[in-house]
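Every position in the sequence shown, counted from 1, becomes a number in this note's numbering once 30 is added.
Glycine included, each C-beta is placed from N, C-alpha and C at the ideal position.
What follows is a short report on a single structure.
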Amino acid sequence: MHSAPKPHNWGNPPWRIDFIPSARGGLPDVLDFAVIGGGFTGLAAAAWLRKIAPEKSVTVLEAWKVGDGASGRTGGMALSESAAGDLPGLGDVLAGFKEILGEFGVDCDQRFAGAWEIARKKGLAKSSIFWNDSGTLQVTKEVEGGTVDPGKLVSGLARAADRLGALILENHPVTDIAWRDIPEIAVTPRASASRKISARKIIFATNALSLKLSELEEGMHPKLTLAVATEPVHEEQLAQIGLAERKPFYTSDLPYLWGRVCENNSIIFGAGLVQAPHSDDLIDADISAAEVPQIFDSLEKRVRGLHPALKLVQFTHRWGGPILFRDSWEPIFMWHPEAKKTRNAIVISAFAGHGVALSSYLGRWGAEALLGHRKLPSWGKLDS
Ligand SMILES: Cc1cc2nc3c(=O)[nH]c(=O)nc-3n(C[C@H](O)[C@H](O)[C@H](O)COP(=O)(O)OP(=O)(O)OC[C@H]3O[C@@H](n4cnc5c(N)ncnc54)[C@H](O)[C@@H]3O)c2cc1C
Numbered sequence: 031m032h033s034a035p036k037p038h039n040w041g042n043p044p045w046r047i048d049f050i051p052s053a054r055g056g057l058p059d060v061l062d063f064a065v066i067g068g069g070f071t072g073l074a075a076a077a078w079l080r081k082i083a084p085e086k087s088v089t090v091l092e093a094w095k096v097g098d099g100a101s102g103r104t105g106g107m108a109l110s111e112s113a114a115g116d117l118p119g120l121g122d123v124l125a126g127f128k129e130i131l132g133e134f135g136v137d138c139d140q141r142f143a144g145a146w147e148i149a150r151k152k153g154l155a156k157s158s159i160f161w162n163d164s165g166t167l168q169v170t171k172e173v174e175g176g177t178v179d180p181g182k183l184v185s186g187l188a189r190a191a192d193r194l195g196a197l198i199l200e201n202h203p204v205t206d207i208a209w210r211d212i213p214e215i216a217v218t219p220r221a222s223a224s225r226k227i228s229a230r231k232i233i234f235a236t237n238a239l240s241l242k243l244s245e246l247e248e249g250m251h252p253k254l255t256l257a258v259a260t261e262p263v264h265e266e267q268l269a270q271i272g273l274a275e276r277k278p279f280y281t282s283d284l285p286y287l288w289g290r291v292c293e294n295n296s297i298i299f300g301a302g303l304v305q306a307p308h309s310d311d312l313i314d315a316d317i318s319a320a321e322v323p324q325i326f327d328s329l330e331k332r333v334r335g336l337h338p339a340l341k342l343v344q345f346t347h348r349w350g351g352p353i354l355f356r357d358s359w360e361p362i363f364m365w366h367p368e369a370k371k372t373r374n375a376i377v378i379s380a381f382a383g384h385g386v387a388l389s390s391y392l393g394r395w396g397a398e399a400l401l402g403h404r405k406l407p408s409w410g411k412l413d414s
């Protein structure tokens with residue numbers, strides 16, 4: 031039996047999640063589909079399940095509030111493919127993501143004008159970026175992609191799932207699973223005693239947390255990844271630093287740096303990974319402890335040194351969020367090890383820093399696979 035997740039100290043991102051679940055009763059005793067985790071993956075899966083199988087009951091069990099994991103803390107750069115590049119049969123992730131947004135009427139300030147790879151080498155003739163950061167960073171490649179407001183995306187997907195009839199239960203951490211013919215899920219709501227419920231099928235969408243439940247303890251690397259946001263800057267400053275086009279950017283060499291301009295002209299920059307102090311349980315990672323404040327200091331110093339127009343910029347937010355890396359960089363998208371024969375549980379996880387579009391995309395695919403409409407790919411297995 032696992033203990034219920036504690037509160038975490040990962041700081042506050044600038045995004046706002048304004049979703050409030052409709053009051054539709056408490057935990058049912060038996061349900062058709064349990065979705066564990068209320069981030070992009072779980073919410074998209076729940077909404078899609080209700081869309082294509084409206085006669086089935088769907089409940090999202092979220093340990094804290096929806097978006098309290100990576101999804102409400104992400105940078106919101108939407109990219110095509112996966113962290114491992116294109117994969118056999120993956121399809122067009124960005125097109126699929128746009129289709130999900132369209133299907134559910136989600137407005138998340140989405141812009142798909144492209145993204146920039148930047149590096150310390152000779153850039154494209156049209157590079158507007160010349161930043162001082164262990165060499166001169168320039169735009170070396172333009173790729174498909176864009177940005178979303180993650181708070182609005184979480185809220186929009188949650189509203190769609192709720193509207194379509196999924197029950198979204200916040201503060202309902204799953205603490206154990208008993209693998210019977212119909213799996214039995216132990217849920218320990220914050221305000222009441224632990225309960226056991228039966229779920230015919232399960233989607234594990236807990237990303238870098240609860241790795242024991244999803245049986246992802248081997249060969250996986252859970253970390254907290256760090257980001258900062260500046261105060262809103264003037265349009266002229268954006269032009270001077272080369273970000274007037276508002277394309278998000280990430281380095282293809284090291285030291286790593288990524289970022290994007292927000293709707294209010296603040297700029298987010300991210301770099302730095304933190305390990306939980308004594309285990310792989312990121313709940314124990316604390317952004318105010320040990321060496322983490324120094325990592326933030328050094329990231330802010332780097333940002334101020336990128337360009338004279340950023341020399342005096344002030345920072346308004348420092349935060350971290352959970353991220354899961356797999357050695358091969360491919361996402362996990364597989365039958366749960368306990369469900370290889372029964373095919374009644376799927377694990378969707380390990381997007382590394384490449385999960386904004388892919389998480390919703392695989393959430394939808396996972397919903398279709400659990401209903402027997404689609405197969406799972408071979409690259410998503412642990413032993414692939
Ligand atoms: C700071 C940061 C910046 C990033 N930037 C980008 C970017 O710019 N572009 C990009 O493509 N990707 C980026 N990523 C990655 C991307 O955000 C994630 O891959 C994506 O949000 C994963 O969504 P998810 O739903 O799978 O996981 P999560 O959003 O982490 O959701 C998992 C949910 O499960 C819940 N949970 C965990 N355990 C339990 C339990 N036992 N019971 C019930 N609920 C549980 C958690 O509370 C959480 O809400 C970034 C990530 C971080 C942290």
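If only uninterrupted alpha helix (DSSP H) runs of at least 4 residues are considered, those enclosed by the segment 58-123 are 70-82.
Contact between the segment 151-164 and the segment 36-56 is not established, with fewer than three Cβ pairs separated by less than 8 Å. Under a 10 Å Cβ-count criterion, G72 is classified as buried, with 16 or more other Cβ atoms of the shown protein chains found around its own Cβ. Classified as exposed, P84 has fewer than 16 neighbouring CB atoms from the shown chains inside 10 Å of its CB. Per DSSP, E261 lies in no beta strand (DSSP E) and is assigned neither H nor E. The DSSP assignment places 180-193 as complete runs of the alpha helix (DSSP H) inside the segment 162-202, in order along the chain (cut-off: 4 residues). S240 has its CB nearer than 7 Å to a heavy atom of ligand 1.
Its chain contains L412 as the residues whose beta carbon lies nearer than 8 Å to that of E248, once the 5 sequence neighbours on both sides are disregarded; these appear in chain order. Ranking R348, H384, V343, K341 by CA distance to the CA of I362 puts H384 first.
By the Cβ criterion, the segment 54-64 is in contact with the segment 185-204, since at least three pairs of Cβ atoms, one from each stretch, lie closer than 8 Å. Each of R276, A257, K231, L388 was checked against the Cα of L400, and the nearest Cα belongs to K231. For H264, the number of other beta carbons within 10 angstroms of its own is below 16, and it is reported as exposed. The beta carbons of K182 and D137 sit closer together than 8 Å.
Each of P180, A74, G300 was checked against the Cα of T281, and the nearest Cα belongs to G300. The three-state reading of DSSP puts P352 in strand, counting E and B together. The alpha-carbon separation between H337 and A149 amounts to approximately 15 Å. When only Cα atoms are considered, W78 and G106 end up about 21 Å apart.
For the pair R332 and A375, the Cα-to-Cα distance works out to about 44 Å. Under the criterion of beta carbons closer than 8 Å, S101 and F70 qualify as touching, at roughly 5 Å.
For a cut-off of 8 Å, the C-beta gap from T346 to T260 is around 7 Å, short enough to register as a contact.
By the neighbour-count definition (other C-beta atoms within 10 Å, threshold 16), V322 is a buried residue. Per DSSP, F299 is one residue of the beta strand (DSSP E) stretching across 297-304. Under the three-state reduction of DSSP output, I325 falls in the helix class. Taking the C-beta atoms as reference points, V184 is found nearer than 8 Å to V96.
It is roughly 32 Å from the alpha-carbon of S389 to the alpha-carbon of A269.
L303 sits close to K253, with the two beta carbons spaced by under 8 Å. Here the alpha carbon of I207 sits roughly 10 Å from the alpha carbon of K242. For D314, the three-state secondary structure derived from DSSP is helix.
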